[in-house]
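Following: one structure in structure tokens, then a few remarks.
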Amino acid sequence: MEPTRRIKIFDTTLRDGEQTPGVCLEAGEKFEIAQMLAKLRVDVIEAGFPVASPGDFTAVAQIAAGIRGVGVAALARANQKDIDIAWQALKTAESPRIHTFLATSDIHLQYKLKMSREQALETATEAVRYAKKFCSDVEFSAEDASRSDWDYLAEVYSAVIAAGATVINVPDTVGYSTPDEFGSLIRYLAERLPGGADISVHCHNDLGMAVANSLAAIVNGAGQVETTINGLGERAGNAAMEELVMALLTRREHYRACTSVETRHIYRASKLVSTLTGVTVQPNKAVVGENAFAHESGIHQHGVLSNRITYEIMNPETIGISRSNIVLGKHSGRHAFEERLKQLGYDLSPEAINLLFVKFKELADRKKTVFDKDIEALVADKPEIRPEWYRLAFHQVLSGSQTVPTATVRLDTSGESLEEAACGDGPVDAVFKAIEKAIGFTVNLKDYNIRAVTSGEDALGEATVWIERDGKTFSGRGLSTDVVEASARAFISAVNKMLAVCGHPSSGTYDAPGRLSPQPY
Ligand code: KIV
Ligand code: ZN
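In the numbering used here, the protein residues as written are 1085 to 1605.
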């Protein structure tokens, strides 16, 4: 029998994942996701594309300086300026990696780069040689590799390996490949390239085959796979980490390959990324979707009750979903609450537990039964990690079939309170308009969503608001048993995020400091 090979996971949630339309993470949020990725024990975190913006640079620099026990990579196009800036951001990392890329397909060379094949080969080799001056670990990606001429591709990879590349990445940039074709390409390269560099793959999901293509690549010799949590990424996204890791684990006899990922953190990592990005996970999504372990039909339920393996190929506990049905209520004490948090896999400081316990008690007063999903929502709803410009202090809404919906809000901002009232098409519209009056500028609302965290008339409502400025989208989330309050909180959270990145319209500053200090957590 073949020995089990270890496949490295290069996670690009913070780089390609952040290229998901409508996603904009700020440095503190990226750091939080990086901490989770380190806990998951991925091999490399691609922290960002430092030349892209000052925010991206800061995020990469913070992750490089603060995250240990895992490689940290930064993306750079194949030119000296990008590589210089990537290195400046990366240089304090324990195991830094410069990831440089250049397209190799004739389509990209002709229409995008306007370069000949010879020029591209020279540019790629020169970039790797230059990156090597700073960093011993250099990855080279041939963008659009799957639509490139195979002989030419092998020539480029051989040249960059000779120049010092330690990893050569084969992207299916536009998600065009099929598993048999992509597997053959990887075999072709593995048989021709000189040793000394890992073969990596980076598959997009345009035809829904990103994970299948990545698995075919593993079978044919790839040693690293690039993935994102929840499959985020450009257009239809990248190969989903949770799906790839669980496919290798569940079918280990078949693939004879494993990863170092701590699967029990997968569910919470998926939740965290969904909360911070504002991108919800579809209910029927493999592994982490709401329905992934739900059994609707009587025949299935009966089978699972007799023996779970009748209809379940994975144990939900393996990815950190608790099976127990314990529910809490207003008589539950701090000890029971703390125990439940532990059983759900949260490892929180005593201060955080104290704060959460207060929120739990408030919730239990309004709601008869507090389910695990409510507790997960409370944990996700932690105080802002960045200084906030505005905080909701009070709101009141008048609405009904004979009344024009009217809202009054009071917002705290440094040293003062701003109180305004406004009418709207409905109570939520009225509260948004009142907030706009209080902050003194209008907001470009792109989308709004409200959902119940659990079922029942006293369910906790989770609102998400997406707003836009300077071509960037910012999402905010709010939680309450009162849907108008949840909506107001979500709106203010999105505004605070936008101000942290773009500055306040009245001050015209970029990166203006926030005004209220963050609450402790
Ligand atoms: O999809 C792609 O080709 C990329 C490269 C930069 C690796 O994201
Ligand atoms: Zn990509």
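Heads up, the beta-carbon is just placed ideally off N, CA and C, and yes, glycines get one too.
Gly1317 is classed as buried because its beta carbon has at least 16 other beta carbons within 10 Å across all chains shown. Shown here for Ser1225: same chain residues with a beta carbon closer than 6 Å to its own, the five before and five after excluded, namely Phe1185, Asn1253, Pro1255 in chain order. In the DSSP assignment, Tyr1532 is bridged to Val1549.
The alpha helix (DSSP H) runs of length 4 or more contained entirely in the stretch 1389-1467 are, from start to end of the chain, 1418-1427, 1434-1450, 1456-1464. Considering only Lys1452, Leu1389, Ile1167, the residue with the shortest C-alpha distance to Cys1219 is Ile1167. In this structure, the beta-carbon distance from Asp1282 to Val1329 does not fall below 8 Å. In chain order, Ile1551, Arg1553, Phe1558 place their CB closer than 7 Å to the CB of Met1582, counting only its own chain and leaving out the 5 sequence neighbours on each side. Secondary structure at Asn1375: coil, using DSSP grouped into helix, strand and coil.
The DSSP-derived three-state label of Glu1472 is strand.
Taken from the Cβ of Glu1318, at least one heavy atom of ligand 2 lies inside 7 Å.
Met1120 counts as buried, since no fewer than 16 other beta carbons sit within 10 angstroms of its beta carbon.
Annotated three-state conformation of Asp1566 is coil, per DSSP.
Relative to ligand 1, Thr1312 has its C-beta separated by 7 Å or more from all heavy atoms. Here the distance from the Cβ of Pro1138 to the nearest heavy atom of ligand 1 is not below 7 Å. Around the beta carbon of Val1442, fewer than 16 other beta carbons sit within 10 angstroms, so the residue counts as exposed. Arg1125 carries a coil assignment under DSSP once its states are collapsed to helix, strand and coil.
With 16 or more other CB atoms across the displayed protein chains lying within 10 angstroms of its CB, Asn1297 is buried. Using a 10 angstroms sphere on the CB of Gln1308, the tally of other CB atoms reaches 16 or more, which defines it as buried.
Taking C-beta separations shorter than 6 Å and ignoring five residues to either side along the sequence, the partners of Ala1306 in its chain run Ile1270, Ile1283, Val1285, following chain order. Set against 7 Å, the gap from the CB of His1286 to the closest heavy atom of ligand 2 is smaller. Residue Thr1548 holds the alpha-carbon nearest to the alpha-carbon of Leu1360 among His1419, Pro1367, Thr1548. In the DSSP secondary-structure assignment, Lys1556 is bridged to Arg1553. DSSP links Lys1175 through a beta bridge to no other residue.
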